[in-house]
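S.K.:
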Amino acid sequence: MNTELKKVVTRFAPSPTGFLHIGGVRTALFAYLYARKMGGTFILRIEDTDKQREVEGSIQHIMDSLRWLNIEWDYGPDKPGSFGSCIQSERLDSYQKYAKQLIDKGLAYPDPYTKEEVEKFRQDAEAQKKPFLFRNYRPETFDVWDGTRPLRLKVPEVKRYVWQDAVRGQLEAGEEMLDDIILIKSDGYPTYNFAHIIDDLEMGVTHIMRADEFIASQPKFLSIYDALEIPYPVFVSLPPILRDDRTKKLGKRDGAKDILDYKVEGFLPEAMFNFLALIGWNPGTEQELFTKEELIQAFDLERIQKSGGAFNEEKLKWLNKEHLNLLSTSEYEKLVRAAIPKAVTESPSFDENRLGKLIPVIRERTHIMSDVTTAFEAGEYSFVFTDPDVSLDTLRFKKDPEVASAAPRLQHLTELLTNADFSSPESIKAAVWDYASMEGRGEVLWPMRVALTGLERSPDPFTVAYIIGQTDTLRRLQTVYDKIGHVI
RNA sequence: GGCCCUAUCGUCUAACGGUUAGGACGGAGCCUUCUCAAGGCUUAAAUCAGGGUUCGAUUCCCUGUAGGGUCACCA
Numbered sequence: 001m002n003t004e005l006k007k008v009v010t011r012f013a014p015s016p017t018g019f020l021h022i023g024g025v026r027t028a029l030f031a032y033l034y035a036r037k038m039g040g041t042f043i044l045r046i047e048d049t050d051k052q053r054e055v056e057g058s059i060q061h062i063m064d065s066l067r068w069l070n071i072e073w074d075y076g077p078d079k080p081g082s083f084g085s086c087i088q089s090e091r092l093d094s095y096q097k098y099a100k101q102l103i104d105k106g107l108a109y110p111d112p113y114t115k116e117e118v119e120k121f122r123q124d125a126e127a128q129k130k131p132f133l134f135r136n137y138r139p140e141t142f143d144v145w146d147g148t149r150p151l152r153l154k155v156p157e158v159k160r161y162v163w164q165d166a167v168r169g170q171l172e173a174g175e176e177m178l179d180d181i182i183l184i185k186s187d188g189y190p191t192y193n194f195a196h197i198i199d200d201l202e203m204g205v206t207h208i209m210r211a212d213e214f215i216a217s218q219p220k221f222l223s224i225y226d227a228l229e230i231p232y233p234v235f236v237s238l239p240p241i242l243r244d245d246r247t248k249k250l251g252k253r254d255g256a257k258d259i260l261d262y263k264v265e266g267f268l269p270e271a272m273f274n275f276l277a278l279i280g281w282n283p284g285t286e287q288e289l290f291t292k293e294e295l296i297q298a299f300d301l302e303r304i305q306k307s308g309g310a311f312n313e314e315k316l317k318w319l320n321k322e323h324l325n326l327l328s329t330s331e332y333e334k335l336v337r338a339a340i341p342k343a344v345t346e347s348p349s350f351d352e353n354r355l356g357k358l359i360p361v362i363r364e365r366t367h368i369m370s371d372v373t374t375a376f377e378a379g380e381y382s383f384v385f386t387d388p389d390v391s392l393d394t395l396r397f398k399k400d401p402e403v404a405s406a407a408p409r410l411q412h413l414t415e416l417l418t419n420a421d422f423s424s425p426e427s428i429k430a431a432v433w434d435y436a437s438m439e440g441r442g443e444v445l446w447p448m449r450v451a452l453t454g455l456e457r458s459p460d461p462f463t464v465a466y467i468i469g470q471t472d473t474l475r476r477l478q479t480v481y482d483k484i485g486h487v488i
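Take the first sequence: its letters are residues 1 to 488, numbered as in our numbering.
Here it is as structure tokens:
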């Protein structure tokens, strides 16, 4: 094991087969946090060695996703290093070079069989209820590799491997996992098994963070390190993120969402960053709300969880609200404005001044930004810009359901508010409070609020009056008063 | 099926042999209150099972059970 002090280098190495979901991003996040914590380097490497599965535009999408979360890379598909490109399809020479080394050592050979023949071997083994191992069919003598056939590893030594994992501690697995695996496919591209080891070597990667599904393959990887006679990096196996119901690992097939969907829904990247860090890792304290810098400070390998954890969107919403609270007024305003439907801001009745007064009210009632959009679309704030059409029925206060009795109260309110100070919700409250307390607050404030908003559920009447201003307040009170009189 | 891994409230988790098993989300209740939110307080809720080791096990060991992962010219 390599004990010399080296600069930490981690990497996130997705394949460009579509979008990134929670699980992938969490892996990236841990690798990123550790690199930053240790003052090291974080590399974004694209593993595009499977041409069939590659999805157009994925690389851009992956970069967009990480950028949204402010996970910045030191080297990536857009930033090659001294080691060359961070895109595997542009590194084929490297794989060839190391493949040749293995061939020269007699540790790699071309697969002499056709796909069909290998498949037949596999079926035969299965029929005998024995695991299929290619090495049992290894040819006596190796042909010269012309690059058109798969190149296989000749397992250097069939043995039981014991290794250290930063999360799981000592692990071991037996020879049944070791086989003459394919290093380079017949199309000339390397397999993951081979390519990631070469790249990690050339890029100086010191810590491999990856999902624990790779633990089972570890002996295979180790046999390649051994064949190459290169040192092992530190292995850090991350626990899986489970589906909400905990039945299985979260995956694209089970409806795992594109991480950027959360952006569309109005989650803050800071909240997502914070939340993801807390699935499979904890600081050992009771702190849950973290900024990015705090997480970098607090993060460590020792406290990474062994068992899988479910992604709980309710808690993410709560955390989002907490991060929303951390925002400055101007930052928050910017977000709100973006979330308000165009139909509202472009309507002739839209009033910039009123919106400014409304924003603090919205802030109190919002967990994620889509709440804002939804609320506007549902008409929850339409009273701000246009007079409501008040249904007399909603005027009924439960303790005094007589609609007619609202009339004198509205009239009295009008008198009080005609000379009131409208400079703040508090001053409006002061103007009517004594009267409301005497008459019955519900009996007075309910009709006042309904007259101003037309809604049974809304912000308090003082705030509403403050937002819409004195002129509109008085007019709306009068309108409803007249309407009652008309009915009576 | 072979091999490997995991196991504390519904969920995320704390407790590196000794705690009334702690916190958070969500739930319930209360307070505040004209309504809805927001906020505050209170509360219910867990060590998978059985054996060991030990004066003492959530913690260490074994077995079982359950769940997960993996056995590709996919990563």
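Where is the CB? At the ideal position from N, CA and C, for every residue including glycine.
1. On the DSSP bridge assignment, give the partners of Ile182 in chain order.
2. Report the three-state DSSP secondary structure of Val144 (helix, strand or coil).
3. Below 8 Å, can you find three or more Cβ-Cβ pairs linking the region 307-315 to the region 330-343?
4. Can you name the start and end residues of the beta strand (DSSP E) that Val236 belongs to?
5. Pull up the distance between the alpha-carbon of Leu238 and that of Asp212, whole angstroms please.
6. I'd like the list of long-range same chain contacts for Met63, defined as Cβ closer than 8 Å, with 5 residues on each side in sequence excluded.
7. Specify the secondary structure class of Val480 as computed by DSSP and reduced to three states.
8. Under the assumption that Leu260 contacts Ser65 (Cβ atoms under 8 Å), give the Cβ distance between them as a whole number of angstroms.
9. What is the DSSP secondary structure of Leu474, counted as helix, strand or coil?
10. Please tell me whether Ile181 and Arg149 are closer than 8 Å, where the distance is taken between their beta carbons.
11. Please report how far the alpha carbon of Thr3 lies from the alpha carbon of Tyr232, in whole angstroms.
12. Counting beta carbon pairs with one atom in the region 425-439 and one in the region 458-477, are three or more of them shorter than 8 Å?
13. On the three-state DSSP scale, how would you describe Val497?
14. Spatial neighbours of Leu489 within its chain, please: C-beta separation below 8 Å, excluding the five flanking residues on both sides.
15. Alpha carbon to alpha carbon, how far is Met209 from Pro219?
16. If contact is defined by three or more beta carbon pairs under 8 Å, each pair taking one atom from either stretch, is the region 374-385 in contact with the region 402-418?
17. When the Cα of Val162 is compared with those of Glu229, Phe132, Phe235, Tyr137, which residue comes out closest?
18. Kindly indicate which three-state DSSP category His486 falls into: helix, strand or coil?
19. Can you tell me whether His486 is buried or exposed, with buried defined as 16 or more other CB within 10 angstroms of its CB?
20. Which of the three DSSP states, helix, strand or coil, is assigned to Trp281?
21. May I ask which residues mark the beginning and end of the beta strand (DSSP E) holding His367?
22. Which value, in whole angstroms, describes the spacing of the CA atoms of Thr247 and Pro240?
23. Given a threshold of 16 other Cβ atoms within 10 Å of its Cβ, counted over all protein chains shown, does Arg365 qualify as buried or as exposed?
24. Can you confirm whether the region 340-352 touches the region 439-451 when touching is taken to mean that 3 or more C-beta pairs between the two stretches lie within less than 8 Å?
25. Quick check on the DSSP output: the beta strand (DSSP E) that includes Gln287 runs from which residue to which?
26. Going along the chain, which residues of its own chain have a beta-carbon closer than 8 Å to the beta-carbon of Asp387, five neighbours each way excluded?
27. So for Thr3, helix, strand or coil by DSSP?
28. Let's test the definition: count the other Cβ atoms within 10 Å of the Cβ of Thr49 and tell me whether it reaches 16, buried, or not, exposed.
29. With 16 as the cutoff for other CB atoms within 10 Å, does Met272 come out buried or exposed?
30. Let me check you understand the geometry: is the CB of Tyr109 closer than 7 Å to at least one non-hydrogen atom of the ligand ATP?
31. For Glu456, which residues in the same chain have their Cβ closer than 6 Å to its Cβ, ignoring the five residues on either side in sequence?
32. Determine the burial state of Gly356: buried for a count of at least 16 other Cβ atoms within 10 Å of its Cβ, exposed for fewer.
33. Three or more beta-carbon pairs under 8 Å between the region 95-103 and the region 12-29, yes or no?
34. Find out if the Cβ-Cβ distance for the pair His207, Val8 is shorter than 8 Å.
35. Within the region 331-389, note down every full alpha helix (DSSP H) run reaching 4 residues or more, in order along the chain.
36. Where do the N-terminal and C-terminal ends of the alpha helix (DSSP H) with Thr10 fall, by residue?
M.R.: In brief:
1. For the purposes of this step, residue 182 is identified with residue 182 of the first sequence, where counting begins at 1. Partner(s): Arg152.
2. Here residue 144 refers to the residue found at position 144 when the first sequence is read from its first residue. Correct three-state label for Val144: coil.
3. no
4. Residue mapping note: residue 236 aligns to position 236 of the first sequence, counting from 1. From DSSP, the beta strand (DSSP E) with Val236 extends over 234-238.
5. In the first sequence, residue 238 corresponds to position 238, counting from 1. In the first sequence, residue 212 corresponds to position 212, counting from 1. Computed Cα separation, rounded: 5 Å.
6. Reading the first sequence from its first residue, position 63 is the one you call residue 63. The residues are Leu44, Gly76, Pro77, Asp78.
7. Here residue 480 corresponds to residue number 480 of the first sequence, with the count starting at 1. If DSSP states are grouped into helix, strand and coil, Val480 belongs with the helices.
8. Within the first sequence, numbered from 1, the residue matching residue 260 stands at position 260. Within the first sequence, numbered from 1, the residue matching residue 65 stands at position 65. Confirmed, about 6 Å.
9. Counting from 1 along the first sequence, the entry for residue 474 is found at position 474. Helix.
10. In the first sequence, residue 181 corresponds to position 181, counting from 1. In the first sequence, residue 149 corresponds to position 149, counting from 1. No.
11. Within the first sequence, the letter at position 3 stands for residue 3. Within the first sequence, the letter at position 232 stands for residue 232. Bear in mind that the predicted position of Thr3 carries a pLDDT of just 47, short of 50, making it unreliable; the figure below should be weighed with that in mind. Approximately 11 Å between the Cα atoms of the pair.
12. yes
13. It is not possible to answer for residue 497, since the shown part of the chain is limited to 1 through 488.
14. The structure shown does not extend to residue 489, since the chain is modelled only from 1 through 488, so no value can be given for it.
15. For the purposes of this step, residue 209 is taken as the residue at position 209 of the first sequence. For the purposes of this step, residue 219 is taken as the residue at position 219 of the first sequence. Their Cα atoms are separated by approximately 17 Å.
16. no
17. The residue labelled residue 162 in the question sits at position 162 within the first sequence. The shortest Cα separation from Val162 among Glu229, Phe132, Phe235, Tyr137 belongs to Phe235.
18. Translated into the one-based positions of the first sequence, residue 486 becomes position 486. Correct three-state label for His486: helix.
19. Position 486 of the first sequence, counted from the start, is the residue given in the question as residue 486. Per the 10 Å Cβ criterion, exposed.
20. Stepping through the first sequence from its first residue, residue 281 is reached at position 281. Three-state DSSP puts Trp281 in a strand.
21. The residue given as residue 367 occupies position 367 in the first sequence. Here His367 belongs to no beta strand (DSSP E), and DSSP marks it neither H nor E.
22. For the purposes of this step, residue 247 is taken as residue 247 along the first sequence, with counting starting at 1. For the purposes of this step, residue 240 is taken as residue 240 along the first sequence, with counting starting at 1. Each residue's Cα considered, the two are about 12 Å apart.
23. For the purposes of this step, residue 365 is taken as residue 365 along the first sequence, with counting starting at 1. Classification of Arg365: exposed, given that the 10 Å Cβ count is below 16.
24. no
25. For the purposes of this step, residue 287 is taken as the residue at position 287 of the first sequence. Run containing Gln287: none; DSSP gives neither H nor E here.
26. Start at 1 with the first residue of the first sequence, and residue 387 comes out as number 387. Hits under 8 Å: Asp472, Arg475, Arg476, Thr479.
27. What you label residue 3 is simply residue 3 of the first sequence in a count that begins at 1. Low local confidence applies: a pLDDT of 47 at Thr3 is under 50, so the model's placement there is unreliable, and no value is given.
28. Mapped onto the first sequence, residue 49 falls at position 49. Thr49 should be labelled buried.
29. Translated into positions along the first sequence, residue 272 becomes position 272. Looking at its Cβ environment, which holds 16 or more other Cβ atoms inside 10 Å, Met272 is buried.
30. With respect to the ligand ATP, the structure offers nothing, as it holds no ligand at all.
31. Here residue 456 refers to the residue found at position 456 of the first sequence. Cβ neighbours of Glu456 beyond the five flanking positions: Thr394.
32. Looking up residue 356 in the first sequence gives position 356. By the 10 Å Cβ count, Gly356 comes out exposed.
33. no
34. Residue numbering aside, residue 207 sits at position 207 when the first sequence is read from its first letter. Residue numbering aside, residue 8 sits at position 8 when the first sequence is read from its first letter. Taking 8 Å as the Cβ cut-off, His207 and Val8 qualify as a contacting pair.
35. 342-345, 352-364, 369-377
36. As a working note, residue 10 is residue 10 in the first sequence. Looking at the DSSP string, Thr10 is not in any alpha helix (DSSP H); the run it does join, the beta strand (DSSP E), is 9-12.
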